[in-house]
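These protein sequences, in sequence, are chains A and B. Numbered according to the numbering used here, the first sequence terminates at residue 70, and the numbering increases by one at each position without gaps. Numbered according to the numbering used here, the second sequence terminates at residue 70, and the numbering increases by one at each position without gaps. Virtual Cβ for every residue (Gly too), placed ideally from N, Cα, C. In this text, all values refer to a predicted model and were calculated from it rather than measured experimentally. To keep things clear, I will list the structure first and then write my remarks on it.
Protein chains: 2
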Amino acid sequence: MSTTQTFTVTGMTCGHCVASVTEEVQEIAGVENVAVDLPTGAVTITSAAPLDASAVQAAVEEAGYQLA
Amino acid sequence: MSTTQTFTVTGMTCGHCVASVTEEVQEIAGVENVAVDLPTGAVTITSAAPLDASAVQAAVEEAGYQLA
């Protein structure tokens, strides 16, 4: 069964930002789908098992952004 | 002798946007340097000979933005 978690990312301003965050989060082991809502910064991640928030934070920071 | 021209581009919101515009403008024949100021949208282009505004407009639109 898959798990869905939503995080809020700050600082994304355009589709390029969305693509950067999506790309980094998709690289986390077990991630099946990433959906980003630019206006709100909501990043919804579907994964095989619940993700550690620290792994998500690291991916978001690698892309150049921050968790709220 | 090189020529410097400045155009204003609208819609750029982040460094990725700057990179996209810079990349497309650099592909115009004769362009030697491209400098983008994100807050103002000013794109300053140094080239071997004056560029046609239409060439710059085409490059900017290829990147997904518009001249002011």
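Could you tell me the alpha carbon to alpha carbon distance between residue i and residue j, rounded to whole angstroms?
i, j, result
"A65/B", "V38/B", "14 Å"
"D54/A", "S4/B", "54 Å"
"V36/A", "V23/A", "9 Å"
"G32/A", "V33/B", "45 Å"
"A57/B", "M14/A", "30 Å"
"A70/B", "A70/A", "34 Å"
From the options, pick the residue whose C-alpha is nearest to that of residue i; which is it?
i, options, result
"V27/A", "S49/A, A70/A and S4/A", "S49/A"
"T10/B", "S56/B, T46/B and A57/B", "T46/B"
Assuming residue i and residue j make a contact with CB atoms under 8 Å, what is their CB distance in whole Å?
i, j, result
"T12/B", "Q68/B", "5 Å"
"A44/A", "T8/A", "6 Å"
"A51/B", "I30/B", "Actually they do not touch by this definition, with Cβ atoms about 11 Å apart."
Check whether the region 15-25 of chain B touches the region 28-42 of chain A, counting contact only when three or more Cβ pairs, one atom from each stretch, lie closer than 8 Å. no
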